[in-house]
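**Q**
Protein chains: 2
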Amino acid sequence: MKLNRHSFTPLYHQIEQTLRRQIESGELRPGDGLSERELSERFEVSRMTARQALRALREDGVLHSERGRGTFVTEPKLNVQTRQLLGFTEDMRRRGLKASSRIIRFSRFKPDEALRRQLHLESGAEVWEISRLRLADRIPMACETGFVPVDLCPQLKRAEVERGSLYRLLEEIYNIRLSRADEILTAACATREEADLLSIKPRAPVLVVQRTVYAADETPIEVVRSVYRGDRYQAAIQLKRSGR
Amino acid sequence: MKLNRHSFTPLYHQIEQTLRRQIESGELRPGDGLSERELSERFEVSRMTARQALRALREDGVLHSERGRGTFVTEPKLNVQTRQLLGFTEDMRRRGLKASSRIIRFSRFKPDEALRRQLHLESGAEVWEISRLRLADRIPMACETGFVPVDLCPQLKRAEVERGSLYRLLEEIYNIRLSRADEILTAACATREEADLLSIKPRAPVLVVQRTVYAADETPIEVVRSVYRGDRYQAAIQLKRSGR
DNA sequence: AGGTGCAGGTGGTCTAGCCCACCAGATATT
DNA sequence: AATATCTGGTGGGCTAGACCACCTGCACCT
Chain A
19 MKLNRHSFTP
29 LYHQIEQTLR
39 RQIESGELRP
49 GDGLSERELS
59 ERFEVSRMTA
69 RQALRALRED
79 GVLHSERGRG
89 TFVTEPKLNV
99 QTRQLLGFTE
109 DMRRRGLKAS
119 SRIIRFSRFK
129 PDEALRRQLH
139 LESGAEVWEI
149 SRLRLADRIP
159 MACETGFVPV
169 DLCPQLKRAE
179 VERGSLYRLL
189 EEIYNIRLSR
199 ADEILTAACA
209 TREEADLLSI
219 KPRAPVLVVQ
229 RTVYAADETP
239 IEVVRSVYRG
249 DRYQAAIQLK
259 RSGR
Chain B
19 MKLNRHSFTP
29 LYHQIEQTLR
39 RQIESGELRP
49 GDGLSERELS
59 ERFEVSRMTA
69 RQALRALRED
79 GVLHSERGRG
89 TFVTEPKLNV
99 QTRQLLGFTE
109 DMRRRGLKAS
119 SRIIRFSRFK
129 PDEALRRQLH
139 LESGAEVWEI
149 SRLRLADRIP
159 MACETGFVPV
169 DLCPQLKRAE
179 VERGSLYRLL
189 EEIYNIRLSR
199 ADEILTAACA
209 TREEADLLSI
219 KPRAPVLVVQ
229 RTVYAADETP
239 IEVVRSVYRG
249 DRYQAAIQLK
259 RSGR
């Protein structure tokens, strides 16, 4: 096992990625055991460095450690998957559904004060408005209206947005590293317009998700409001008891 | 600053708790700076140990570090607070509201197969059923039905449940250390019964939270279903973009 | 057969260092 | 006055050890 000692990516992160790949490829299977000392020998690093690699994987729930026994690849949770910062496309893929979308509106305009403040923008700046109907296996699932500063991706094309994942686009083409998001979930009644789009009855229950996405440097990237069909969508979360 | 070197609680955890107290008491204020080397001198531990204390606080968002500058007490987020594993009482207190409750049903019975499996119980075991209307500042906010294995707290009294926080009871009296929970959030329509209890119109939107709470050893402690008024309750979450 | 005790492996914690890139403010140079 | 350079402090990363509590399986003894 060879690491690149002169890379800018830290050793522990290279180890983490290696293990993650091995788990995804099936080379390491659920239940398989690892050991900190064995890893530190295999990768020729100190044990503390191996530990740091394992820590991240433990926090993701990919591995779990038992004192006195070892560290093991976690059995994949049946059913419940934790809510992650995923776009609709990625979210649906994880649920085993195929995402598609229909653009309802795609425009650029000068945001009002509230939105400008949410996106930390100067008063002259513009935003893209991306309004899409989201389908899973061709069934309407959500309608989503997002706002992204034009400065971040001035070349954004309707066709690009149409094809698929906005987040992948931002990460791969515009080189913006998404890091975290704040979400607020509420229950509401579908408006007539939403009901039409989603093919549900007016005033049927919907799950409304308002999300602000941030880059690694805490710059707001996107503000988005998604209205999910209450009868077909559920959000799974894992909570920790921390602090006191 | 003195640590108990012979305690069973690790040094880094003692440091973490000390800092947490100092922040809560106002002795350390938002914006104040700390340094790993300074802490390691002050507490007479190695720098790695001081680092480990800071890591936990960073992950909680209480502190944040800037390379080349230092580690600082984070300004408290206005408004948005992240969803934590809290009982209703604690949740409302954080929102600045006073929680109270009215017991609708309190009984013990033999669970059906589905519930038994969720709580990992043997076939003879019994559970408490605790069904409560939850109020915030005397306004109905949610109705909540929880199931707890009788074995965990055989002495549970109706009066105890009536007084307040079930979670505090479990932690302080029955010495059960809660560690995490899985939640599923969905939007739905209030049933007639729920609408009556919550003083809302029948078929008004409600946020349904189904939660399973686990102890540190992964034993399921409680399965609970809460129905929140859609017009008065929202759930805030923080998401991280991790792994791939 | 059934228990007892021991040895080796494991994760958890901790030490006392090291080098690096980065940042800020002071100092020196133009 | 503006600019470059130095300097001390910071977090990030890493090392090569150490001791502990805990778990497991094995050998030994009863």
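Taken in sequence, the protein lines are chains A and B.
Under this note's numbering, residues 19 to 262 are what the first sequence spells out, in order.
Under this note's numbering, residues 19 to 262 are what the second sequence spells out, in order.
The beta carbon of each residue, even a glycine, is placed where N, CA and C say it ideally should be.
1. Is the Cβ of proline 223 of chain B closer than 8 Å to any Cβ of chain A?
2. If you reduce the DSSP assignment to three classes, tell me which class phenylalanine 106 of chain B lands in.
3. Whose Cβ in chain B lies nearer than 7 Å to the Cβ of glutamine 256 of chain A?
4. Name the two residues that bound the continuous beta strand (DSSP E) containing isoleucine 202 of chain A.
5. Taking 8 Å as the cut-off, decide whether the C-beta atoms of valine 91 of chain A and leucine 103 of chain A are in contact.
6. Could you give the uninterrupted runs of the beta strand (DSSP E) lying entirely in the region 34-111 of chain A, keeping only those of 3 residues or more?
7. Compile a chain-ordered list of the residues in the region 202-236 of chain A whose CB is closer than 7 Å to at least one CB of chain B.
8. Residues of the region 108-133 of chain B with a CB closer than 9 Å to any CB of chain A: list them in chain order, please.
9. Less than 8 Å between the beta carbons of leucine 151 of chain A and isoleucine 122 of chain A, yes or no?
10. Counting only beta-carbon atoms, is aspartate 78 of chain A nearer than 8 Å to chain B?
11. Count the C-beta pairs between the region 179-199 of chain B and the region 229-249 of chain B that are closer than 8 Å, then say yes if the count reaches three, no if not.
12. Evaluate contact between the region 176-190 of chain A and the region 102-120 of chain A, counting only Cβ atoms and requiring at least three cross-stretch pairs below 8 Å.
13. Please classify tyrosine 30 of chain B: does DSSP put it in a helix, a strand, or coil?
14. With three or more beta-carbon pairs closer than 8 Å as the criterion, would you say the region 39-46 of chain B touches the region 242-255 of chain A?
15. Okay, do the region 25-35 of chain B and the region 63-74 of chain B touch, 3+ Cβ pairs below 8 Å being the bar?
16. Could you tell me whether the Cβ of serine 244 of chain A comes closer than 8 Å to any Cβ of chain B?
17. Which of the three DSSP states is assigned to glutamate 140 of chain B in this structure?
18. Could you pull the start and end residues of the beta strand (DSSP E) that glutamate 236 of chain A belongs to?
19. Using a Cβ cut-off of 9 Å, pull out every chain A residue sitting near leucine 103 of chain B, in sequence order please.
20. If we ignore side chains and look at the alpha-carbon of each, how far apart do glutamate 77 of chain B and aspartate 214 of chain A end up?
21. Mind pulling the chain B residues with CB within less than 7 Å of glutamine 252 of chain A?
22. I need the boundaries of the alpha helix (DSSP H) containing arginine 176 of chain A, first residue and last residue.
23. Note down the Cα distance separating valine 241 of chain A from arginine 65 of chain B, rounded to an integer number of angstroms.
24. Just to confirm, are valine 225 of chain A and leucine 257 of chain A a CB contact at a threshold of 8 Å?
25. Tell me which residue opens and which closes the alpha helix (DSSP H) that arginine 186 of chain A is part of.
26. Among A:Pro129, A:Cys161, A:Pro48 and A:Thr100, which residue has its Cα nearest to the Cα of serine 260 of chain B?
27. With distance defined between alpha-carbon atoms, name the residue in A:Glu62, A:Val166, A:Glu131 and A:Gly114 nearest to phenylalanine 124 of chain A.
28. Tell me, to the nearest whole angstrom, how far the beta carbon of arginine 126 of chain A is from that of valine 168 of chain A; I am working on the premise that it is less than 8 Å.
29. Which same chain residues, not among the five before or five after phenylalanine 26 of chain A, have their C-beta less than 7 Å away from its C-beta?
30. Assuming leucine 46 of chain A contacts leucine 37 of chain A (C-beta within less than 8 Å), just tell me the rounded distance between them.
31. Starting from alanine 213 of chain A and walking both ways along the alpha helix (DSSP H), at which residues does that stretch end?
32. Quick one: grab the DSSP three-state call for leucine 153 of chain B.
33. If you measure between the beta carbons of glutamate 201 of chain A and valine 227 of chain A, is that distance less than 8 Å?
34. Does any CB atom of chain A fall closer than 8 Å to the CB of glycine 248 of chain B?
35. Round the Cβ separation of leucine 115 of chain A and aspartate 155 of chain A to the nearest angstrom and send it over; I've been treating them as touching at under 8 Å.
36. How big is the Cα-Cα spacing for glutamate 84 of chain B and serine 53 of chain B?
**A** This is what the structure holds:
1. yes
2. helix
3. Arg198 and Asp200
4. 196-207
5. no
6. 81-84 and 88-91
7. Ile202, Leu203, Thr204, Ala205, Ala206, Cys207, Pro223, Val224 and Leu225
8. none
9. yes
10. yes
11. yes
12. yes
13. helix
14. no
15. yes
16. no
17. coil
18. It is not in any beta strand (DSSP E) - glutamate 236 of chain A carries neither H nor E in the DSSP assignment.
19. Leu257, Lys258, Arg259 and Ser260
20. 43 Å
21. Ile202, Leu203 and Thr204
22. 176-181
23. 40 Å
24. Note that residue 225 of chain A is leucine in the sequence shown, not valine. No, they are not a contact pair.
25. 184-190
26. A:Thr100
27. A:Val166
28. 6 Å
29. none
30. 7 Å
31. 210-216
32. strand
33. yes
34. yes
35. 5 Å
36. 11 Å
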